[in-house]
Amino acid sequence: MESLSDHEIINRVLGGNMRSFATLVERHQDKAMTLAMRMLRNREEAEEAVQDAFVRAFNALGQFEKRSTFSTWLYRILFNVCSTILSKRGEPMQSISSGKNEEEREDEIPDFSEIPDLIVEGEEFRERVIEALNELPPLYSGIATMFYLDDLSYEEIGTITGSPLGTVKARLFRARAMLRAGIVRRIGTKELAL
Amino acid sequence: MNHPTTAELFEFIDNRLGKERSVQVESHLAECANCRRRIEFERSTRRIVQSEPLFRAPERLAALVMVNVAAPTRDPLLLRLLSKLGSFVAMIAVLAVIGLAIAKVSGGNDQPDKTSSSITQVAAPLSEAYTKGLQIFVHQTSTISQSIENTGDAQFWKTVFIVLLSIGVLVAADKLFGRRFIKLRS
């Protein structure tokens, strides 16, 4: 079962072998959990969201048209589930947390001459990156996670978020610019050593 | 110094910048330490996020999902065929409604039974409810069109009215059947 592709497993499930779906769950659960955690930042809610997304995916499996990958389709369901949870919380997807003014303008050329050469490889730099990532608003955190972690294309992210390509590019730019600005601010305040 | 903008730089890293501009950026990078550092910073950020351990889902997740799932969900063959043919059938139905309604309006109200019978035949596959809806629709159309007749270019407005109502019926049917029969939305 482990060697089967996602589409082969889906065919088995649709053919009546329901238990095969557990393999799909095990295969995708950690990445799904990571996306949910990055968007919701609450373990209990993230676990419920992931479980809900898999159940919805199973129940709609007959409508999966296999034009995209299963993971993209699952992410789309999960993204919507997380959006609903955030909406119930009264937390807008695009709300800006602490870094409202940290965003770079598209035509701005930041000065990186003050950043030491080797700093971007150190352990402290890694910590600052994760801190800044955790501070992004849910929408941008989700998009950054899909882009960096899963190496998804702009088009795939557009499919998941239900956004046109131009919107994806704009949001991804914003996510990366905010992330970078957050890191730079932390490096500046922490005065990282080489 | 023609520094690439931040947006250009991101697209350059993602291999999505146009060929000509990519060449310009590459030659610029050979001369500009600040922009090389910007690139290095972004690539390092990506490496770090990619190498970060995933959040672990609960070990019992697969079992929990399997407890909560319903029966196998593949639609019956007939339903899948109907789904594939839905748009085509809907289009035929709309055209038939428009044609019949126009014929009825043009010919007056002296053949109501014939019109009603033809509509029933065309719309039958879309269920009895849809058929009844069409009958009511045609009846209402002729009633309303009679009232429009006295206001200038009556024939034109009758046609516009019928087309709009037909679209309304189709959209309502789409919503009613939840895309199962008629795939209007992507």
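Chains as they are written, first to last, in this note's numbering: chain A, 1 to 194; chain B, 1 to 186.
Ideal Cβ placement from N, Cα and C applies to all residues, glycine included.
Fair warning: this is a prediction, and the values are worked out from it, not measured in the lab.
Assigned exposure category for residue i - 16 Cβ within 10 Å defines buried
i, result
"B/MET91", "exposed"
"A/PHE125", "buried"
"B/GLN50", "exposed"
"A/THR84", "exposed"
"A/PHE58", "buried"
"B/GLY18", "exposed"
"A/SER87", "exposed"
"A/LEU165", "exposed"
"A/GLU156", "buried"
"A/ALA22", "buried"
Contact check, residue i vs residue j, beta carbons under 8 Å
i, j, result
"B/ALA7", "A/VAL50", "no"
"A/LEU179", "B/THR45", "yes"
"A/LEU31", "B/LEU54", "A small correction: the amino acid at residue 31 of chain A is Lys; Leu does not occupy that position in the sequence shown. Cβ atoms of A/LYS31 and B/LEU54: closer than 8 Å."
"A/CYS82", "A/MET39", "yes"
"B/LEU9", "B/ARG38", "yes"
"A/LEU61", "A/LEU14", "yes"
"B/VAL94", "B/SER166", "yes"
"A/VAL55", "B/VAL69", "yes"
When the options are compared against residue i, the one with the closest alpha-carbon
i, options, result
"A/LYS169", "A/TYR154, A/THR159, A/LEU14 and A/GLY182", "A/TYR154"
"A/THR145", "A/PRO164, A/LEU86, A/LEU35 and A/LEU136", "A/LEU35"
"A/THR167", "A/ILE143, A/VAL184 and A/ILE183", "A/ILE143"
"A/VAL184", "B/PHE41, B/LYS19, B/CYS35 and B/VAL67", "B/PHE41"
"A/GLY195", "B/LEU61, B/ILE48, B/GLU26 and B/GLN24", "Look at the range of chain A in this structure, 1 to 194, and you will see that residue 195 of chain A is not part of it."
"A/PRO137", "A/LEU78, A/VAL55, A/ALA181 and A/ALA175", "A/ALA175"
"A/ARG27", "B/GLN155, B/GLU59 and B/ALA93", "B/GLU59"
"A/PHE239", "A/TYR140, A/GLY16, A/PHE173 and A/GLY15", "Any question about residue 239 of chain A goes unanswered here, given that chain A covers just 1 to 194."
"B/ALA173", "B/ARG16, B/VAL163, B/ILE162 and B/GLY133", "B/GLY133"
"A/ILE160", "A/LEU86, A/GLU135, A/LYS88 and A/THR69", "A/THR69"
"B/LEU61", "A/ILE10, A/LYS66 and A/ALA53", "A/ALA53"
"A/ASN17", "B/ASP14, B/MET66 and B/ALA33", "B/MET66"
"B/GLU52", "A/ARG89, A/ASN134, A/GLY182 and A/ALA181", "A/ASN134"
Nonlocal neighbours in the same chain, by C-beta distance under 8 Å from residue i, ignoring five residues either side
i, result
"A/ARG186", "ARG128, GLU131 and ALA132"
"A/GLU37", "The amino acid at residue 37 of chain A is misidentified as Glu; the sequence shows Met. Cβ neighbours of A/MET37 beyond the five flanking positions: ARG43 and ALA46."
"A/TRP73", "ALA57 and PHE64"
"B/HIS28", "MET1, ASN2, HIS3, PRO4 and CYS35"
"A/SER71", "ASP6, HIS28, LYS31 and ASP150"
6 Å CB neighbourhood of residue i in its chain, flanking five on each side removed
i, result
"A/ARG171", "ILE143"
Contact set for residue i: own chain, Cβ-Cβ below 7 Å, skip 5 residues either direction
i, result
"A/LEU24", "ASP6, ILE9 and PHE70"
Give the residues from the segment 36–49 of chain A that approach chain D closer than 9 Å (Cβ to any Cβ), ordered along the chain. Note that chain D does not occur in the displayed structure, where the protein chains are A and B.
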